[in-house]
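Q: Going left to right, the sequence shown walks through residues -17 to -1, 1 to 660 as mature numbering (1 follows the signal peptide of the UniProt record, and there is no 0) numbers them.
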Amino acid sequence: MKLFTCCIFLLVNIISARDWLVDKITDQTTIGKTSLGTLLLSNTLISREFLLDPDFATIDFRDLHETNSSILRCVKPEAVITLDGIEYNIGGVLPNTQCAYFNRTDFWKTKSLDTKAFHFSTYEVGVPKAPFAYTPKRFAPADIEWPPKGIHLSVYFKAPYFAPLSHKYVTVVVNYEMYDGIPLLVKWLDVIDTSGRGDIDLSFDSIEILAVNQPWSPFGHSWLYVETNQPPGHGTNVIWAYDAEVNTIPGSFPPSVNCTYQTDHRIIVPLVTELSSFHVHELVIGSSDEERSALAKHRLMRLLAPHTQENPIFFHMINGSSPAFRSAIDQMAEVGFEMLIYSDIAYAKSKGIEVGGYDLIALTRQVQVDWMAIDPTTGKPRDSACFASGWYDYLLNRTLAFMDRTGLIMVETDGPYGGYSCASTDHVHHRNNDDSIYQQNILQGKYYQILRERSVYINQPDYYFYQGGSKTGMGYNEEQYSLPRWMDISVSRQGMFDDTYQRIPTMGWMFVPLTVYHGGGDAAQFEPLVQHQIEYEWALAQYLGAGVAACYRGFRLYDTNETKALVTKWVNFYKKYRSILIRDIIHVRRADMQSIDSYMHIDPYSNDIKGLAMVFNPTSDPVETTLPVPLYYTGLTDTAQVSEQENTWQSYTLARDYHIDLPIRLPALGITWFLIK
């Protein structure tokens, strides 16, 4: 017995000592009944426990990897919907306890059944399904698993006894997915009408409601990160607020989160056969450390939108003449660029270059009158197209036909952005104002999913990453590109440093105005390239060294052998170390233009290079200093081997906080990089 107890304690200590951001977690997600008859879904990093009797409810949502504590302080419905004006809770467990904290003893004694709720019927267990087909391309990481491994739990609910007859044909399916090796839960609803009548009006009121303990909310330490799979500003909202109990339990701070549709009017959608809600992503970080939170969110993105890790080097051609275009293609092939935004596809393909085009699909535009959005107040067309009109079919069909005929494999879409509601009753894809935003969002996502399944590389202006989009602007500001070159380079490096807390490097693109863009004249443009070699090299080094694609916009990539050598040098560097340059960034020192600045890529799972640090000296003086480099997230624990630009390897002993002090010697306006293993 003593040996058994010791083994259990040892196992618990081993599990708690593992760090999922550093160690490879191979535990599989499991689901099963507990001794209390509850259903437990767990992957050893988090768990969610469900009551099955007298009805279905989440009674625990636990962090097992960081704080070993429960997120919840009270039981709430699994979701809330409205059918024909009647509001229904999904799951009919009433806790009948105070909700300042979860008194489980009282809960088991006092819980009761809400007879007006949709009630638990059955559940099914399966594996996660991919929302769209995806085959990794363009040097994406070799460790992508699509769909992710884990467990899909579908829980079925039926209408209560006293519901109208038409509602008794409705089934609500609450879907949960938990994945191996990441403290993430994804949840969404499917609502199915089996009557075939199609005359029920549906509103998704709450996809997820959680009553959480204070530290997990933004009012505490933000240990729980909650987002939806829709771009911000597209009619969905994650609302953090204090429950009404804040006034009934003096001294308590009961925060809750409600994931819902949020527009200027109630969304009411005709339930013809089946409708699905947006997805909610619940990432249990368990820490308020900025770097750790960023890395956790990045893992979520890499898992659910793995295509965002494709990162071709692309050029935006501004001269449409055939000789100039072919000259640019020849230059790209010479120096190793991989993608072009323009035409003459056949010639580009012969040189191994992928080609894409620009498509203006912003909704704020004029299309034919019967495709315009109708203002519900005036009854007249807005200054905006409706994406749920016939314009969607026209746009999609023309896009696909053009790609099929030309061989284009990349598209840069200017839109669609979040659309206005539309009161038209004649549009093919929506009924009226009430369902117009819901249907526009569905079709916008479908547009990108279709392109993704064709392996099209997509630059888009909004966050359609979970629908298949590849990249969006990083700190995009067109006025910035008219700044003097050195100022633009400096501001951009600061922007990349800040933005890579929010996104992985390959999700964003920067801009290099080789020729004048909107203004700024000779001071802003990089042409003639030979006269601005220092700035040109800095642009190449800081973007390629960050793993961030930049849009090099002009009519050529080099104008002399010297500038050709510059481009070739940094493109070769990027391609040689691409596997780590597209990995996550650790923020070492932000650029202030008064001393050195640095960021470092890390790959704790690599058997060779675990870190690559870029170091810049933007000052006009030589710098000799020591740079503290944090190595915890490389996975190194005792010693590190470091090489500056592939020269002699030096051994360093890690301090107790896993950093090393790296000697830096850089000339004025100097750049260097270090390999770490």
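Beta carbons are placed, not taken as given, at the ideal position from N, Cα and C, and that holds for glycine.
Have a look at Q516 and V550 and give me their C-alpha separation to the nearest angstrom.
A: Counting from one through the sequence shown, the residue named residue 516 turns up at place 533. Counting from one through the sequence shown, the residue named residue 550 turns up at place 567. The alpha-carbon atoms of Q516 and V550 are separated by roughly 10 Å.
Q: Closer than 7 Å to a non-hydrogen atom of the ligand NAD - does that hold for the CB of G451?
A: Judged by which ligands are present, the structure shown has none, so any question about the ligand NAD falls away.
Q: Could you compute how far the alpha carbon of N555 sits from the alpha carbon of M576?
A: Counted from its first residue, the sequence shown places residue 555 at position 572. Counted from its first residue, the sequence shown places residue 576 at position 593. Near 27 Å, if we compare the C-alpha coordinates of M576 and N555.
Q: Between the region 114 to 129 and the region 279 to 297, do three or more beta carbon pairs fall short of 8 Å?
A: Touching, yes, given that three or more Cβ pairs across the two stretches are closer than 8 Å.
Q: Provide the residue(s) that pair with M300 in DSSP beta bridges, ordered along the chain.
A: Translated into positions along the sequence shown, residue 300 becomes position 317. Per DSSP, G537.
Q: Among the candidates A316, F385, E107, C405, whose CA atom is the shortest distance from the CA of T360?
A: Numbered from 1 along the sequence shown, position 377 holds the residue referred to as residue 360. It is C405.
Q: I need the DSSP call for L614, collapsed to helix, strand or coil.
A: The residue labelled residue 614 in the question sits at position 631 within the sequence shown. Three-state DSSP puts L614 in coil, outside helix and strand.
Q: Per DSSP, what kind of secondary structure is A532 in: helix, strand or coil?
A: The sequence position of residue 532 within the sequence shown is 549, counting from 1. Correct three-state label for A532: strand.
Q: Can you give the Cα-Cα distance for A532 and F261, rounded to whole angstroms?
A: Counting from one through the sequence shown, the residue named residue 532 turns up at place 549. Counting from one through the sequence shown, the residue named residue 261 turns up at place 278. Distance between the alpha carbons of A532 and F261: 30 Å.
Q: Rounded to whole angstroms, what's the CA-CA distance from T543 to F115? Just pull it up for me.
A: Your numbering for residue 543 matches position 560 in the sequence shown. Your numbering for residue 115 matches position 132 in the sequence shown. Each residue's Cα considered, the two are about 45 Å apart.
Q: If you follow the beta strand (DSSP E) that Q633 is part of, which residue opens it and which one closes it?
A: Taking the sequence shown and counting its residues from 1, one reaches residue 633 at position 650. It spans 632 to 636 - the beta strand (DSSP E) in which Q633 sits, taken as one unbroken run.
Q: Cα separation between Y519 and K593?
A: Looking up residue 519 in the sequence shown gives position 536. Looking up residue 593 in the sequence shown gives position 610. Straight-line Cα distance between these residues: approximately 28 Å.
Q: Excluding the five sequence neighbours on either side, which residues of its own chain have a C-beta within less than 7 Å of the C-beta of E273, listed in chain order?
A: Stepping through the sequence shown from its first residue, residue 273 is reached at position 290. Y484.
Q: Starting from the Cα of F599, find the closest Cα among Y526, H217, P215, S333 and give me that residue.
A: Walking along the sequence shown from the start, residue 599 turns up at place 616. Residue Y526 is the option with its Cα nearest to F599.
Q: Cα separation between T608 and A596?
A: Sequence index remark: in the sequence shown, residue 608 carries index 625 (1-based). Sequence index remark: in the sequence shown, residue 596 carries index 613 (1-based). Whole-angstrom Cα-Cα distance: 16 Å.
Q: Of the choices R536, D481, Q351, G340, whose alpha-carbon is the least far from that of Q443?
A: Sequence index remark: in the sequence shown, residue 443 carries index 460 (1-based). The residue with the shortest Cα to Cα distance from Q443 is G340.
Q: According to DSSP, is M493 helix, strand or coil?
A: For the purposes of this step, residue 493 is taken as the residue at position 510 of the sequence shown. Strand at M493.
Q: To the nearest whole angstrom, what separates the beta carbons of P143 and F103, a pair I think is in contact under 8 Å?
A: The residue given as residue 143 occupies position 160 in the sequence shown. The residue given as residue 103 occupies position 120 in the sequence shown. About 12 Å separates the two Cβ atoms, so there is no contact after all.
Q: Pull up the CB-CB distance for W206 and I268, whole angstroms please, since I reckon it's below 8 Å.
A: Taking the first residue of the sequence shown as 1, we reach residue 206 at position 223. Taking the first residue of the sequence shown as 1, we reach residue 268 at position 285. Sure, about 6 Å apart at Cβ, within 8 Å.
Q: Please state whether DSSP places N51 in a helix, a strand or coil.
A: In the sequence shown, residue 51 corresponds to position 68, counting from 1. Here N51 sits in coil by DSSP.
Q: Report back the beta-carbon spacing between V263 and I190 to the nearest angstrom; my notes put them in contact at under 8 Å.
A: Counted from its first residue, the sequence shown places residue 263 at position 280. Counted from its first residue, the sequence shown places residue 190 at position 207. The Cβ separation is near 5 Å, so the contact holds.
Q: Can you give the Cα-Cα distance for S626 and K454, rounded to whole angstroms?
A: Within the sequence shown, residue 626 is the residue found at index 643, counting from 1. Within the sequence shown, residue 454 is the residue found at index 471, counting from 1. Cα to Cα, S626 sits roughly 32 Å from K454.
Q: Candidates G74, D640, D604: which alpha carbon is nearest L652's?
A: Position 669 of the sequence shown, counting from 1, holds the residue named residue 652. Out of G74, D640, D604, D604 has the C-alpha closest to the C-alpha of L652.
Q: My assumption, with CB atoms under 8 Å, is that E184 sits in contact with I251. Please give the rounded CB distance.
A: As a position in the sequence shown, residue 184 is number 201, starting the count at 1. As a position in the sequence shown, residue 251 is number 268, starting the count at 1. The question names Glu, yet the displayed sequence has Asp at residue 184. Confirmed, Cβ separation roughly 5 Å.
Q: Would you mind giving the Cβ-Cβ distance between G218 and Q197, rounded to the nearest angstrom? I have them listed as a contact below 8 Å.
A: On the sequence shown, residue 218 is found 235 positions in, with the first residue counted as 1. On the sequence shown, residue 197 is found 214 positions in, with the first residue counted as 1. Not confirmed; about 29 Å, so no contact.
Q: With a floor of 3 residues, list each beta strand (DSSP E) that falls wholly inside the region 47 to 128, ordered by position along the chain.
A: Those beta strand (DSSP E) runs which fall completely within the region 47 to 128 and span 3+ residues are 55 to 57, 62 to 66, 69 to 73, 102 to 109.
Q: Please go through the same chain and pick out, in chain order, the residues whose beta-carbon is closer than 6 Å to the beta-carbon of R1, but skip the five residues on each side of it.
A: Locating residue 1 in the sequence shown gives position 18, where the first residue counts as 1. Correct list: empty, nothing qualifies.
Q: Residues in the same chain with beta-carbon distance under 6 Å from F657, minus the five sequence neighbours each way, listed in chain order, please.
A: For the purposes of this step, residue 657 is taken as the residue at position 674 of the sequence shown. Only A596, V625, E627 meet the Cβ criterion.
Q: Using DSSP with H/G/I as helix, E/B as strand and the rest coil, what is N380?
A: Taking the sequence shown and counting its residues from 1, the one referred to as residue 380 is at position 397. In the structure shown, N380 sits in a helix (DSSP, three-state: H, G or I).
Q: With a threshold of 16 other CB atoms inside 10 Å of the CB of Q213, please say whether the residue is buried or exposed.
A: On the sequence shown, position 230 is the one that residue 213 refers to. Looking at its Cβ environment, which holds 16 or more other Cβ atoms inside 10 Å, Q213 is buried.
Q: DSSP three-state call for R365: helix, strand or coil?
A: Taking the sequence shown and counting its residues from 1, one reaches residue 365 at position 382. Of the three classes helix, strand and coil, the one that applies to R365 here is strand, per DSSP.
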